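So the protein lines, in turn, are chains A and B.
For reference, each letter of the first sequence is one residue, going 290 to 485 in the working numbering.
For reference, each letter of the second sequence is one residue, going 16 to 201 in the working numbering.
Positions of the beta carbon are idealized from the N, C-alpha and C atoms, including for glycine.
This structure is a prediction, so every number in the text was calculated from the model and none was measured.
Here is the structure we will look at.
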Amino acid sequence: VTPRLGAAALIVAALAVGTVIESGTPDTDTAERPFITRGTMGKPVDVHTFDATVLGVRGATKISRSQRPTDKGARDTGGVWVLVRVRVVATQTTMSVGWAGVVDRRGRTFHATTRIDQPLVASHRQLQPGIPVVGEVAFEVPRDAADSLTLQIAEKPLDRRMSAMAEVPLRITKAAVDGWVADAGTAVLTEPEVTR
Amino acid sequence: MTEVTGGPPAEPGWLRRNRWGLIALVPALAAGLVVPAKNAYDTYQGTPGGRQISTGSGGWVSYGAGRIRLVEVTQAKLKPVFGRPPTVPPGTTPWRAKLLFRAGAEAYLGCKIELEDTRGRRYAANPNELNGARVSYAGCTLDYGATPAPEYETEAYFVMPAGTRPAAVRIIVRVLAPRYARLTVG
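Listed below in structure tokens is the structure:
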């Protein structure tokens, strides 16, 4: 009888240990989350494959890619357009910024808009190592979220699991958002250009 | 009177009682290791850039079904566009690599050409910085419509930060992964 009791006790112990390990193991989303490097506006954030520096933020209720008065490509919004000016430089190999998003205070993620051709993100611009490029990324967000945004950018466009990601909280005040909304002008997205 | 010797037969030992389980454990453990090992090997085999093929005699590299030679890498002299000299962004220098191929028409279809600097940084051909310049789009196959020839030449254009020196040209063909050709600058 004693060996059988011992075997049963061992089985119970093994199951208990397994349960403890299982409950302590992170789920897939947590285990495969991006490797985020957090920084501040105006300072480079090094995420190994590239450096990103947020240079400034502006906003509007209409954006366009062209300054021509006849251009009919302006896009309006019931929320607000947030245009983030970023300096990006590849460090090792030619790459591109595949994805950019902003996260608000409620944890909602807004991807860079696809309502207009984005010149810098969505892999539209190749970045050569050591050659910094400055450009803007446009986001369409609700007005009440615009003063609580954190920028995220990554190289991979779709599958961002375990990818290097830069994260920078944007300094946007409620007054600034109100000013953008009150201004009826159209903001023209600047083209990426090489900088020093 | 018959004499009884010994007691009941001796109980077999633990190893003997569990011998079939222990024997079965060996292939079970092996099978458990084979699957992840094969997955890792397949990933390695399918990822370009893992195994370098370097320059052999006469500067030729045998890569896949053909051979490649790096003729030269020089600073590019860009041709005027509509009579105006082309400009490159400040702080950058355009480079041109001339490559000679002895290969079939489709041996290097879909290749990627990179210029490597002395720090090991790698620059892709056909950069945005040369948009608008009159430079050919780099490839590793005969130009479309060209007469088939056993040997042909192509040019690839790059930009690097000013003051950076090229060290090698890499040719990467995904179907030949993990191998890639590395041709050092003479």
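Check: So L416 of chain A is in the beta strand (DSSP E); what residue range does that whole segment cover?; Outcome: Taken as a continuous stretch (DSSP letters only), L416 of chain A belongs to no beta strand (DSSP E), as it is neither H nor E.
Check: Are the segment 168–180 of chain B and the segment 49–56 of chain B in contact at 8 Å, needing three or more beta carbon pairs?; Outcome: no
Check: I'd like to know if G419 of chain A contacts chain B, where contact means its C-beta is closer than 8 Å to some C-beta of that chain.; Outcome: yes
Check: How far does the beta strand (DSSP E) with L157 of chain B in it extend, from its first residue to its last?; Outcome: It is not in any beta strand (DSSP E) - L157 of chain B carries neither H nor E in the DSSP assignment.
Check: Out of A:R460, A:V470 and A:S452, which has the shortest C-alpha to C-alpha gap to F339 of chain A?; Outcome: A:S452
Check: Between the alpha carbons of G326 of chain A and V373 of chain A, how many angstroms are there, rounded?; Outcome: Here residue 326 of chain A is Thr; the residue named in the question, Gly, does not match the sequence. One C-alpha to the other measures close to 18 Å.
Check: Return the residue from the list A:E444, A:V477, A:P481 and A:G331 that minimises the CA-CA distance to A363 of chain A.; Outcome: A:V477
Check: Which residue wins for smallest C-alpha separation from Y195 of chain B, given the options B:A80, B:C126 and B:I68?; Outcome: B:I68
Check: Consider the Cβ of Q33 of chain B: report whether some Cβ of chain A lies at a distance smaller than 8 Å.; Outcome: Sequence check: residue 33 of chain B is Asn here, not Gln. N33 of chain B does not count as touching chain A.
Check: Opposite V483 of chain A in the DSSP bridges: which residues?; Outcome: A:V422
Check: So, using beta-carbon positions, are S385 of chain A and Q415 of chain A closer together than 8 Å?; Outcome: yes
Check: Under 8 Å, do V483 of chain A and V392 of chain A count as touching if we go by C-beta distance?; Outcome: no
Check: Going by beta-carbon coordinates alone, are V470 of chain A and M330 of chain A separated by less than 8 Å?; Outcome: no
Check: Once you ignore the five residues that flank G135 of chain B on each side, which residues in its own chain have a CB closer than 7 Å to its CB?; Outcome: none
Check: May I ask which residues mark the beginning and end of the beta strand (DSSP E) holding Q60 of chain B?; Outcome: Counting along the chain, Q60 of chain B falls outside any beta strand (DSSP E), though it belongs to the alpha helix (DSSP H) covering R34 to G61.
Check: Do R189 of chain B and D132 of chain B have their C-beta atoms within less than 8 Å of each other?; Outcome: no
Check: Rounded to whole angstroms, how far is the Cβ of E129 of chain B from the Cβ of I187 of chain B, which I believe are closer than 8 Å?; Outcome: 7 Å
Check: Using a beta-carbon distance below 8 Å, is T107 of chain B in contact with chain A?; Outcome: yes
Check: Does DSSP put A26 of chain B in a helix, in a strand, or in coil?; Outcome: According to the sequence displayed, residue 26 of chain B carries Glu and not Ala. Coil at E26 of chain B, not helix or strand.
Check: For the ligand HEM, any of its heavy atoms closer than 7 Å to the Cβ of L459 of chain A?; Outcome: The model depicted lacks the ligand HEM and carries no ligand whatsoever.
Check: Just to check my reading of the structure: A389 of chain A and Q441 of chain A have Cβ atoms closer than 8 Å, yes? What is that Cβ distance to the nearest angstrom?; Outcome: 7 Å
Check: Can you tell me whether DSSP reads V88 of chain B as helix, strand or coil?; Outcome: strand
Check: Counting only the same chain and skipping the five closest in sequence on each side, list residues whose C-beta sits under 6 Å from that of E321 of chain A.; Outcome: R450 and M451
Check: For the beta strand (DSSP E) that S77 of chain B lies in, which residues bound it at each end?; Outcome: W75 to Y78
Check: Using a Cβ-Cβ cut-off of less than 7 Å, give me the residues of the segment 141–155 of chain B that come near chain A, in sequence order.; Outcome: P142, N143 and E144
Check: Express the C-alpha separation of D448 of chain A and G387 of chain A in angstroms, rounding to a whole number.; Outcome: 10 Å
Check: Beta-carbon of R136 of chain B versus every beta-carbon of chain A: anything under 8 Å?; Outcome: yes
Check: Assuming T402 of chain A contacts A427 of chain A (C-beta within less than 8 Å), just tell me the rounded distance between them.; Outcome: 5 Å
Check: Going by DSSP, which residues form a beta bridge with T403 of chain A?; Outcome: DSSP, once it has assigned bridges, lists no residue as partnering T403 of chain A.
Check: Is it right to say D436 of chain A is buried, meaning 16 or more other beta carbons lie within 10 angstroms of its own, or is it exposed?; Outcome: buried
Check: Which of the three DSSP states is assigned to V301 of chain A in this structure?; Outcome: helix
Check: Chain B beta carbons: is any one of them nearer than 8 Å to that of R376 of chain A?; Outcome: no
Check: Using DSSP with H/G/I as helix, E/B as strand and the rest coil, what is T317 of chain A?; Outcome: helix
Check: Can you list, in chain order, the residues of the segment 330–361 of chain A whose Cβ is nearer than 8 Å to any Cβ on chain B?; Outcome: none
Check: Name, going along the chain, the residues of the segment 157–185 of chain B whose beta-carbon falls closer than 9 Å to a beta-carbon of chain A.; Outcome: F173, V174, M175, P176 and T179
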